[in-house]
Amino acid sequence: MTVPAHDSPTDRFTDVLWDRTKVLRDSIDDLEFLRRLGDGTLPLESFRFYIEQDALYLAGYAKALALLASKAPDPVTGAFWATSSATAATEESSLHQQLLTGGVLPVHDEPVAHSPACLGYVSYLTATVATEPYPVGAAAVLPCFWIYAEVGRDLASRAADVLAADPAHPYAQWVATYDDQAFQDSVATARTLVDAAGAAATASERDAMIDAFTLATRYELLFWDTALNTQPWPAS
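Note that the sequence shown covers residues 830 to 1065 in the working numbering.
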């Protein structure tokens, strides 16, 4: 079904994307992984696995954002995606390395490989940004901004008692980062840019934007769920 750019002057295209993925987002909110992360009962092994995979994901996500920046319709839009790419590649990756090497999480000597969910997600984003029109690529990268921000805000609320009792809890840094106001501001900007892309897109591109946002949201669900319910690769 073709979706119009706007039904009224106050409608936002990103609201359409959000509404279309409500069932998936409710499933994310109900994940045992996030519940146990919020109450501090998540096994350290599971949290380490998540952080390892998230570090690999961010490296790929940064490349996808850099590619999206090169296809942006104007310099200001391109600068935002490029800055977001640099942040994912440096500041956020630095936090992950601190968590992995800080002595709190279990030590693993074996090389870390992409999980099926992580590789699938990164590959999908890269392929979409590289081969689809700019509006579709912008919609594909938005769930990582937006859903992470919503999850982080919810986790911060649920984890308040845990962090009050132990500010050095190994999950504290992660929760604080994704509830950070600067990150929330970047989400607002990303939404505005996707709204603008939706307004300028053709009807078929808007349909493709909905599909891309939905598929990326599915990967968000899989990525978190498989941190606790791991799905190993078939043996070679």
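We put the beta carbon where it would ideally sit given N, CA and C, even for glycine. Since we're looking at a predicted model, the values are computed, not measured.
Nearest to residue i (by Cα), restricted to the options the options
i	options	result
leucine 1057	Arg865, Thr850, Ser856	Arg865
aspartate 883	Lys900, Thr906, Leu871, Ala917	Ala917
alanine 1037	Ala956, Val965, Ser914	Val965
leucine 924	Val941, Leu887, Ala942, Asp938	Leu887
aspartate 1040	Ala988, Ala968, Gly1027	Ala968
alanine 891	Tyr950, Leu1051, Phe878, Pro999	Tyr950
alanine 948	Tyr1048, Pro999, Asp844, Thr843	Correcting the residue identity first, residue 948 is leucine in this sequence and not alanine. Cα-wise, what sits closest to leucine 948 is Tyr1048.
valine 958	Ala1032, Trp910, Val941	Trp910
histidine 998	Asp844, Arg849, Trp847, Gly867	Gly867
threonine 930	Leu897, Ala1025, Ser899, Glu881	Glu881
CB contact flag (residue i, residue j, <8 Å)
i	j	result
tryptophan 1053	leucine 885	no
tyrosine 963	alanine 901	yes
isoleucine 857	valine 980	yes
threonine 1055	alanine 985	no
alanine 978	glutamine 926	no
threonine 976	threonine 1046	The sequence as given places isoleucine at residue 976; threonine does not occur at that position. Yes, the pair counts as a contact, with Cβ atoms nearer than the cut-off.
aspartate 1008	arginine 982	yes
leucine 846	phenylalanine 1042	yes
arginine 877	proline 940	no
Cα-Cα separation, residue i to residue j
i	j	result
leucine 871	valine 970	27 Å
leucine 853	aspartate 903	32 Å
phenylalanine 974	valine 1016	6 Å
valine 832	arginine 1035	With a pLDDT of only 47 at valine 832, under the threshold of 50, the placement of this residue in the model should not be trusted, and no figure is reported.
tryptophan 1003	serine 1065	34 Å
threonine 840	alanine 956	One point to set straight first is that residue 840 is aspartate, not threonine, in the sequence displayed. Aspartate 840 and alanine 956: Cα-Cα distance of roughly 30 Å.
serine 875	proline 972	23 Å
Could you tell me which uninterrupted alpha helix (DSSP H) segments, each at least 4 residues in length, are contained entirely in the stretch 918-984, listed from first to last along the chain?
-> 922-930, 945-960
4-residue-minimum alpha helix (DSSP H) runs that sit fully inside the stretch 995-1024, ordered along the chain = 1001-1007
In chain order, which continuous runs of the alpha helix (DSSP H) of length 4 or greater are located wholly inside the stretch 847-890?
-> 851-858, 861-868
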